[in-house]
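Worksheet: one structure, shown below.
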Amino acid sequence: MTSTTKHILPFTILLLISTLPFCKKQTDGYTPVSSSTYYPAAVGKYIQYRLDSVVFTNFDRDREVHSYQVKDSIDAAITDNLGRPGFRIRRMIRDLDGTTPWQDNATFMATVLPNSVEYVENNLRFIKLVTPVKNDYYWEGNSHIFTGTTENSSSTSESPYDFYFKWNYIYQNAEQPFVVNGTTVENTVTVLQQDQSTGNPVAYPASYADSTYSVEVYGKDIGLIYKDFIHWVYVVDLTLMNCRMVIPGEPVNTPCPVGLNCDSLAATKNGYAICDTITPYSYNGYGIKLTMMEHN
Numbered sequence: 005m006t007s008t009t010k011h012i013l014p015f016t017i018l019l020l021i022s023t024l025p026f027c028k029k030q031t032d033g034y035t036p037v038s039s040s041t042y043y044p045a046a047v048g049k050y051i052q053y054r055l056d057s058v059v060f061t062n063f064d065r066d067r068e069v070h071s072y073q074v075k076d077s078i079d080a081a082i083t084d085n086l087g088r089p090g091f092r093i094r095r096m097i098r099d100l101d102g103t104t105p106w107q108d109n110a111t112f113m114a115t116v117l118p119n120s121v122e123y124v125e126n127n128l129r130f131i132k133l134v135t136p137v138k139n140d141y142y143w144e145g146n147s148h149i150f151t152g153t154t155e156n157s158s159s160t161s162e163s164p165y166d167f168y169f170k171w172n173y174i175y176q177n178a179e180q181p182f183v184v185n186g187t188t189v190e191n192t193v194t195v196l197q198q199d200q201s202t203g204n205p206v207a208y209p210a211s212y213a214d215s216t217y218s219v220e221v222y223g224k225d226i227g228l229i230y231k232d233f234i235h236w237v238y239v240v241d242l243t244l245m246n247c248r249m250v251i252p253g254e255p256v257n258t259p260c261p262v263g264l265n266c267d268s269l270a271a272t273k274n275g276y277a278i279c280d281t282i283t284p285y286s287y288n289g290y291g292i293k294l295t296m297m298e299h300n
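Heads up: the sequence shown begins at 5 in the working numbering, then just goes up one per residue.
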């Protein structure tokens with residue numbers, strides 16, 4: 005290599021480097037939105053709702069909706085059973101028109117953590133919100149609820165909360181407006197918790213069916229502004245009645261003797277059995293809808 009080449013080569017490398025794009029870590033300015041933004045818990049805060057309760061009556065065959073006013077008030081700062089600071093929520097209830105006095109109805113507990121909000125209702129702990137609050141972010145909100153089978157020396161029993169198994173909560177419509185009770189809340193987030201169904205009792209009334217739907221909407225600096233939950237199981241008990249034998253050569257169908265197998269008896273006479281089928285059904289489940297009326 006000549007002396008001239010020795011001087012040109014470093015200069016060429018330096019020139020090439022200087023023409024390359026200058027790269028560094030870029031940020032898009034995104035700041036994670038905390039879950040506590042949509043659950044600002046403090047003693048003295050309250051939200052008043054219209055409550056629509058779905059129940060099944062008339063031997064669990066008919067669906068009815070009973071409506072009330074409820075008021076959820078944070079009345080004390082407490083410590084949960086894990087030693088974490090939390091809040092006690094007192095629910096009071098009265099008639100829908102608001103003409104009767106408030107009466108105590110239930111007590112809940114909320115634990116607001118740096119990256120999540122937990123809520124205890126009927127001794128069940130739900131992870132209602134997590135950080136970051138953004139569309140399509142999901143988590144297993146019922147992971148603290150036992151949904152399996154309990155076995156002991158004499159019996160095996162299924163959890164009454166097995167329908168809560170493996171729910172993936174997911175954020176939708178983050179930081180979008182939501183109309184509740186005729187009023188627009190400008191900044192909200194929707195949490196779709198579950199949307200599952202099997203069968204259709206209207207189209208197939210003789211078949212099993214079930215349905216679970218659960219969604220909640222939270223307003224920034226407000227808390228829960230809307231909730232819609234419904235779970236039911238439709239069960240059919242097929243029953244055969246008025247069985248009789250159809251025997252070749254006999255003009256009249258012969259009623260089956262009580263206590264005997266009608267099919268077997270008819271077969272001995274080269275005939276067959278027919279029965280009337282009835283399908284008594286029942287629904288097992290409940291629903292609750294909360295619609296915010298006012299808050300402080």
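From the three backbone atoms N, C-alpha and C, an ideal C-beta is built for every residue, glycine too.
Original post:
Can you tell which of P209, Y142, S147 and I149 has its C-alpha closest to the C-alpha of Q176?
Top reply: Within the sequence shown, residue 176 is the residue found at index 172, counting from 1. It is Y142.
Subject >> Cβ contact check for the stretch 205–213 and the stretch 164–173: 3 or more pairs under 8 Å >> reply: With the rule of 3 Cβ pairs closer than 8 Å, the stretch 205–213 does not count as touching the stretch 164–173.
Original post:
Under 8 Å between the Cβ atoms of V58 and R65?
Top reply: Along the sequence shown, one-based indexing puts residue 58 at 54. Along the sequence shown, one-based indexing puts residue 65 at 61. No, the Cβ-Cβ distance between V58 and R65 is not below 8 Å.
Original post:
In this structure, does DSSP put Y168 in helix, strand or coil?
Top reply: Taking the first residue of the sequence shown as position 1, residue 168 is located at position 164. Correct three-state label for Y168: helix.
Original post:
Looking at C-beta atoms only, is the number of pairs between the stretch 42–54 and the stretch 223–232 that lie closer than 8 Å three or more?
Top reply: Yes, the stretch 42–54 touches the stretch 223–232.
Original post:
Can you list, in chain order, the residues of its chain whose CB lies under 6 Å from that of T194, leaving out five sequence neighbours each side?
Top reply: Start at 1 with the first residue of the sequence shown, and residue 194 comes out as number 190. Cβ within range, chain order: Q176, N177 and V221.
Subject >> Proximity below 8 Å, CB of E122 to CB of T115 >> reply: Residue mapping note: residue 122 aligns to position 118 of the sequence shown, counting from 1. Residue mapping note: residue 115 aligns to position 111 of the sequence shown, counting from 1. Here E122 is near T115, since their CB atoms are less than 8 Å apart.
Original post:
Which of helix, strand or coil does DSSP assign to Y142?
Top reply: Mapped onto the sequence shown, residue 142 falls at position 138. Three-state result, Y142: strand.
Subject >> With 16 other Cβ atoms within 10 Å as the buried cut-off, status of N146 >> reply: Position 142 of the sequence shown, counted from the start, is the residue given in the question as residue 146. With 16 or more other Cβ atoms within 10 Å, it is buried.
Original post:
Could you give the distance in angstroms between the alpha-carbon of V37 and the alpha-carbon of Y43?
Top reply: Numbered from 1 along the sequence shown, position 33 holds the residue referred to as residue 37. Numbered from 1 along the sequence shown, position 39 holds the residue referred to as residue 43. When rounded, the distance between both Cα atoms is 12 Å.
Original post:
If we count the other Cβ atoms within 10 Å of its Cβ and call it buried at 16 or more, is T216 buried or exposed?
Top reply: Position 212 of the sequence shown, counting from 1, holds the residue named residue 216. Burial call: buried.
**OP:** Whole angstroms is fine: what's the gap from D280's alpha carbon to L244's?
**Re:** Indexing the sequence shown from 1 puts residue 280 at position 276. Indexing the sequence shown from 1 puts residue 244 at position 240. For D280 and L244, the distance between alpha carbons rounds to 6 Å.
Original post:
Going along the chain, which residues of its own chain have a beta-carbon closer than 6 Å to the beta-carbon of I131, five neighbours each way excluded?
Top reply: Locating residue 131 in the sequence shown gives position 127, counting from the first residue. Excluding sequence neighbours, I131 sits near S120, E122 and G145.
**OP:** Determine the direct distance from the alpha carbon of A80 to that of A45, and round the result to whole angstroms.
**Re:** Numbered from its first residue, the sequence shown carries residue 45 at position 41. Numbered from its first residue, the sequence shown carries residue 80 at position 76. Each residue's alpha carbon lies about 11 Å from the other.
Original post:
From D101 to V69, what does the alpha carbon distance come to, in whole angstroms?
Top reply: The residue you call residue 101 lines up with position 97 of the sequence shown. The residue you call residue 69 lines up with position 65 of the sequence shown. When rounded, the distance between both Cα atoms is 15 Å.
Original post:
Is it buried or exposed for Y173, if we count other Cβ within 10 angstroms and need 16 for buried?
Top reply: Indexing the sequence shown from 1 puts residue 173 at position 169. The residue in question, Y173, is buried, as its Cβ has 16 or more Cβ neighbours within 10 Å.
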